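For reference, the structure is listed below as structure tokens.
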Amino acid sequence: MINQLRASVASIQARAPGFVPEVALVLGSGLGFLGDECQNAVSIPYGEIGHFPVSTAPGHAGRLVLGELGGKRVAVMQGRFHYYEGYDTATAAYGVRTLRLLGAKTLLVTNAAGGVSEGLEPGVILNITDHIKFFDESPLRGENIPELGTRFPGMSYTYTPELRHKARLAAQELNIPLYSGVYMYFPGPQYETPAEIRAAKTLGADAVGMSTVPEVIAAAHAGMEILGFSLICNMAAGLQTHELSEQEVLDTAEKSKGQFSQLIIKCLEEM
Ligand code: HPA
341 MINQLRASVA
351 SIQARAPGFV
361 PEVALVLGSG
371 LGFLGDECQN
381 AVSIPYGEIG
391 HFPVSTAPGH
401 AGRLVLGELG
411 GKRVAVMQGR
421 FHYYEGYDTA
431 TAAYGVRTLR
441 LLGAKTLLVT
451 NAAGGVSEGL
461 EPGVILNITD
471 HIKFFDESPL
481 RGENIPELGT
491 RFPGMSYTYT
501 PELRHKARLA
511 AQELNIPLYS
521 GVYMYFPGPQ
531 YETPAEIRAA
541 KTLGADAVGM
551 STVPEVIAAA
561 HAGMEILGFS
571 LICNMAAGLQ
581 THELSEQEVL
591 DTAEKSKGQF
601 SQLIIKCLEE
611 M
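Sequential numbering of the sequence shown, starting at 341, is according to the working numbering.
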């Protein structure tokens, strides 16, 4: 895999010679628009990056944007790869590993999620403090890649405390309410059942979703600092009176765009 990753890095470098990102930004369902706000941008469709997977999920453009945002050099993944698309978790993490090898030391990751805890209603932003992943394999399964990290990486400080502190200050300054809590990973693509959500709540989940954790594990393995946000797009299964739908998720993402991008840009400025 390291040779494929290096080839991917080389094909990105060929399109943006000398560009070394400070922050890798992964944008979730309906949140890809932030990539369009980059200045001096070079945009590369995933299909034009050697060995890169292609995203098939709704609301995921499938482009890498290299440019500047919030005063930082950023590499923005407009769209990610999910286990539910048929990829294994190592493939889900492929983009983040590529951007690490391109030079990014920080990962800012976002997703659309269902709210489990009280107060986590549609439109609310959650700063991820920790995660729970009991399902499907680790993206690190198989031969270790020593160029990236160690065989048995610790996950105790995965969501970098200093970055979370800066995020809280940024939200305060902008007067945007910011919750913090635990994101629980489900493989999808079906939404959870009400019983699964009750179990998740008992286990300590504040929000649930189908992404992010594979990338975060790979980023932590590779020594990246990590800041994660969930945009709560719906109350989780059983906590609302109608069936969940992808449209509801995308509609909330669309409505909350303004606040969400303000917060992300401010966090980049403060990093
Ligand atoms: N569950 C899982 N993934 C999600 C949800 C949800 O309720 N909302 C948005 N993504």
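All C-beta atoms, glycine included, are put in the ideal place defined by N, C-alpha and C. This one's a predicted model, so the numbers in the text were calculated from it and none came from an experiment.
Pairwise C-alpha distance: residue j and residue i
i              : j                 : result
glutamine 602  : serine 369        : 17 Å
arginine 346   : phenylalanine 600 : 33 Å
methionine 341 : histidine 582     : 44 Å
valine 553     : aspartate 428     : 13 Å
isoleucine 605 : proline 462       : 21 Å
glutamine 344  : lysine 595        : 39 Å
isoleucine 468 : leucine 447       : 13 Å
leucine 488    : histidine 561     : 7 Å
glutamate 362  : alanine 535       : 42 Å
glycine 375    : valine 366        : 9 Å
threonine 500  : glutamate 565     : 6 Å
valine 449     : arginine 508      : 16 Å
glutamine 379  : glycine 407       : 6 Å
glycine 482    : alanine 354       : 30 Å
isoleucine 465 : glutamine 512     : 13 Å
leucine 584    : glycine 358       : 45 Å
lysine 412     : leucine 567       : 15 Å
leucine 514    : glutamate 609     : 13 Å
isoleucine 516 : serine 351        : 39 Å
alanine 593    : valine 394        : 22 Å
tyrosine 313   : phenylalanine 474 : This structure gives no information on residue 313, because the portion of the chain shown stretches from 341 to 611.
glutamate 377  : isoleucine 537    : 36 Å
isoleucine 572 : methionine 611    : 24 Å
Same chain, Cβ closer than 7 Å to residue i, neighbours up to 5 away in sequence not counted
i              : result
arginine 491   : Asn484
valine 522     : Thr469, Asp470, His471, Ile472, Gly544, Ala545 and Asp546
threonine 396  : Glu425
glycine 443    : Val360 and Pro361
proline 493    : Ala560 and His561
isoleucine 389 : Ser348, Ser351, Ile352 and Leu404
Sequence-distant residues of the same chain with beta carbon closer than 8 Å to residue i, five excluded per side
i             : result
tyrosine 423  : Thr429, Ala432, Asp476, Pro527, Gly528, Met550 and Pro554
glutamate 532 : Gly454, Phe526, Ala540, Val548, Ala576 and Ala577
arginine 504  : Asn467, Thr469, Ser520 and Leu567
Cutoff 9 Å: residue i Cβ touching any chain C Cβ
i          : result
serine 478 : Structure shown: chain C not included; a single protein chain is present.
Three-state secondary structure assigned by DSSP to residue i
i             : result
leucine 441   : helix
serine 570    : strand
proline 393   : coil
tyrosine 427  : coil
glycine 482   : coil
aspartate 376 : helix
histidine 505 : helix
threonine 592 : helix
alanine 452   : strand
glutamine 418 : strand
valine 553    : helix
histidine 582 : coil
Sequence-distant residues of its chain with Cβ nearer than 6 Å to residue i (five each side left out)
i              : result
alanine 558    : Ala433, Val436, Arg437 and Pro479
leucine 439    : Ala364 and Ala415
asparagine 451 : Gly368, Gly549, Ser551, Thr552 and Ser570
arginine 403   : Ser383, Pro385 and Gln418
histidine 391  : Gln344, Ala347 and Ser348
alanine 401    : Gly372, Gln418 and Gly419
alanine 356    : Val382 and Leu406
leucine 441    : Leu345 and Val349
cysteine 607   : Ala507 and Ala510
glutamate 588  : Asn574
Original post:
Is the region 532-541 touching the region 455-467, taking contact as three or more C-beta pairs under 8 Å?
Top reply: The answer is yes - the region 455-467 touches the region 532-541, with three or more Cβ pairs under 8 Å.
**OP:** Specify which residues have a beta carbon nearer than 6 Å to any heavy atom of the ligand HPA, listing them in chain order.
**Re:** Each of Ala452, Ala453, Gly454, Phe526, Tyr531, Glu532, Val548, Gly549, Met550, Cys573, Asn574, Ala576, Leu584 and Val589 has a C-beta closer than 6 Å to some heavy atom of the ligand HPA; these make up the full list, in chain order.
Original post:
Are the region 408-421 and the region 572-580 touching by the rule of at least three beta carbon pairs closer than 8 Å?
Top reply: A contact between stretches requires three or more CB pairs, one per stretch, nearer than 8 Å, and the region 408-421 fails this requirement with the region 572-580.
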